[in-house]
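Okay, so here's the structure we're looking at.
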């Protein structure tokens with residue numbers, strides 16, 4: 279079956295613009311989580327969505343937002359882009375949510391965002 | 024929140040050698056995974072192992088939850104094993120996966 283699909287793979291944006299990234303989870307998975315990876319900070323948690331509801335949010339400014347649709351696909355949006363937002367954004371899907379034991383994560387290939 | 028440490032930070036091996044990567048965590052967990060990040064950035068799931076021992080080919084992992092650590096063993100390493108290995112843990116209170124800083128493995132031919 280198809281894995282986790284993230285689009286686009288690469289993106290170049292100008293400071294001040296906004297961007298929307300998309301993630302399609304594995305069929306049947308209801309949980310989608312987003313992570314930001316930078317060389318200096320490593321992998322940091324952004325959000326978790328389960329059945330269209332945000333369950334958890336990481337320590338990021340309000341410029342970072344997300345949502346999940348009824349088909350479990352998720353989007354994240356970053357407004358007023360800053361140079362420091364340049365990163366690899368990774369999406370992961372899971373059958374269960376974070377408080378449930380027994381469900382691991384499967385990651386997509388990521389979207390590499392460059393802000394110039 | 025949970026703190027995750029990984030050691031060593033960097034490891035250089037000759038092809039064919041064996042290695043052990045360690046992950047220590049600061050609190051009890053209900054989820055633990057090991058990932059390999061390839062040069063293109065994709066995180067490949069190696070093991071889901073909140074406790075016990077699992078093996079998959081040349082790789083095996085052991086988690087001793089009561090002592091708050093997990094080990095990843097790589098035997099007869101190959102150049103394709105190169106990359107960064109991450110341990111990620113999920114806490115008992117609905118906390119999302121927290122990733123360790125990773126171990127960068129370089130396997131030389």
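Chains as they are written, first to last, in my numbering: chain A, 279 to 394; chain B, 24 to 132. Don't be surprised by glycine CBs; every beta carbon is placed ideally from N, CA and C.
Chain-ordered chain A contacts of residue 122 of chain B [CB-CB under 7 Å]: 320, 321
Taking only three categories from DSSP, how would you classify residue 33 of chain B? strand
Go ahead and label residue 347 of chain A buried or exposed: buried means 16 or more other beta carbons lie within 10 angstroms of its beta carbon, across all protein chains shown. exposed
Kindly indicate which three-state DSSP category residue 40 of chain B falls into: helix, strand or coil? coil
So residue 297 of chain A packs on residue 359 of chain A, CB below 8 Å; how close in whole Å? 6 Å
Which residues of chain B have a Cβ atom closer than 9 Å to the Cβ of residue 388 of chain A, listed in chain order? 63, 64, 65, 66
Quick one, which residues of the stretch 327-360 of chain A are near chain B if we go by CB-CB under 9 Å, in chain order? 333, 334, 336
Which residues in chain A have a C-beta closer than 7 Å to the C-beta of residue 71 of chain B? List them in chain order. 382
Mind checking which residues open and close the beta strand (DSSP E) that includes residue 378 of chain A? First-last for residue 378 of chain A: undefined, no H or E at that position.
Since residue 344 of chain A sits in a beta bridge, which residues does DSSP pair it with? A:354
Chain-ordered residues of the stretch 286-311 of chain A with a beta carbon less than 7 Å from chain B: 311
With a threshold of 16 other CB atoms inside 10 Å of the CB of residue 100 of chain B, please say whether the residue is buried or exposed. buried
C-alpha distance - residue 389 of chain A paired with residue 120 of chain B, whole-angstrom precision: 20 Å
Using DSSP's beta-bridge definition, name the partner residues of residue 370 of chain A. A:311, A:385
Excluding five sequence neighbours on each side, which residues of the same chain lie with their C-beta closer than 6 Å to the C-beta of residue 316 of chain A? 365
Proximal chain A residues relative to residue 109 of chain B, where beta-carbon distance stays under 9 Å: 320, 321
Helix, strand or coil at residue 362 of chain A according to DSSP, with G and I counted as helix: helix
Leaving aside the five residues before and after residue 105 of chain B along the sequence, list all residues of the same chain whose C-beta is less than 7 Å from its C-beta, in chain order. 128, 129, 130
Nearest by alpha-carbon distance to residue 391 of chain A: which of A:281, A:287, A:320, A:312 is it? A:287
Report the rounded CA-to-CA distance for residue 188 of chain B versus residue 44 of chain B, giving the unit in angstroms. Coverage of chain B is limited to positions 24 through 132, which leaves residue 188 of chain B absent and any answer about it impossible.
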